[in-house]
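Taking the numbering used here, I'd label the letters of the sequence shown as residues 113 to 306. We treat Cβ as the ideally placed atom computed from N, Cα and C, and that holds for glycine. So the structure is just underneath, and the comments pick up after that.
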Amino acid sequence: MPTQYPTPLPPTDGMTALLDTLSLHGIAMYRGRFGTPWGLSFAPEREDGAASATFHMVLNGAGCLMTLAGGESFTLGAGDFALLPHSSPHTLTGGEYAASVPIECAVTRGHITPDDWLCFGGDGPRTETLCGNLYYTGETRNAPRPLDHPFLRALPPVIVLRGENGKPVPWLPATLDFLRCETTSGRPGYQTVA
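Have a look at this one:
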């Protein structure tokens, strides 16, 4: 019988090679329950200089996301998902002109429920969110810092995926259900995901 050798893998294409230089190394998430009027500001910079992408998913209710640099405004409803791949400073509010406080102040002024919801704001209509940061590393010869990575530089400041009839786009529920399950399970290690 002749010796069989494994079939060589096809050469890596350019996009795969580029994405292989970028990797996720952590996630932080929280669930928010906000009563109108409410507003939060985010300036997601870490002391260690790690790069991150910020996301906001509206589970119920509505909100308004506004970037501070470009002043772009996005109305988000139930099922909508917004990703800020560069974690640009921004606000998420109960209305386009609502005042906002830094998220750190909302944590101090609000309260955390026994099932880990951050509650903040007034007694008006409520908005529920799933928000967080994805932390990544990655460098190439010409981009020693992750935010200088060619793939990330090519992305717009905000990517919004609109839900359909109050539900997220079809591929997102399984991902969000997994994240929601992990953040609410109470099993050992769930806070690592949350």
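- In the three-state reduction of the DSSP assignment, Glu216 falls in the helix class.
- Beta bridge pairing from DSSP links Ala174 with Gly189.
- Non-local beta-carbon contacts of Asn172 in its own chain, meaning distances under 6 Å to residues more than five positions away in sequence, involve Ala190 and Glu240 in chain order.
- Within the DSSP secondary-structure output, Glu276 pairs in a beta bridge with Lys279.
- Here Pro201 has Ala155 and Leu180 as same chain residues with Cβ atoms under 6 Å from its own Cβ, once five neighbours each way along the sequence are excluded.
- Apart from sequence neighbours up to five positions away, the residues of its chain that approach Pro237 with a beta-carbon distance below 6 Å are Thr148, ordered along the chain.
- For Phe186 against Leu177, the beta-carbon gap comes to about 5 Å, under 8 Å, which counts as contact.
- Closest in C-alpha terms to Leu152, from the list Ile139, Gly175, Ala140 and Ile271, comes Gly175.
- Taking the Cα positions, Val219 is about 7 Å away from Leu230.
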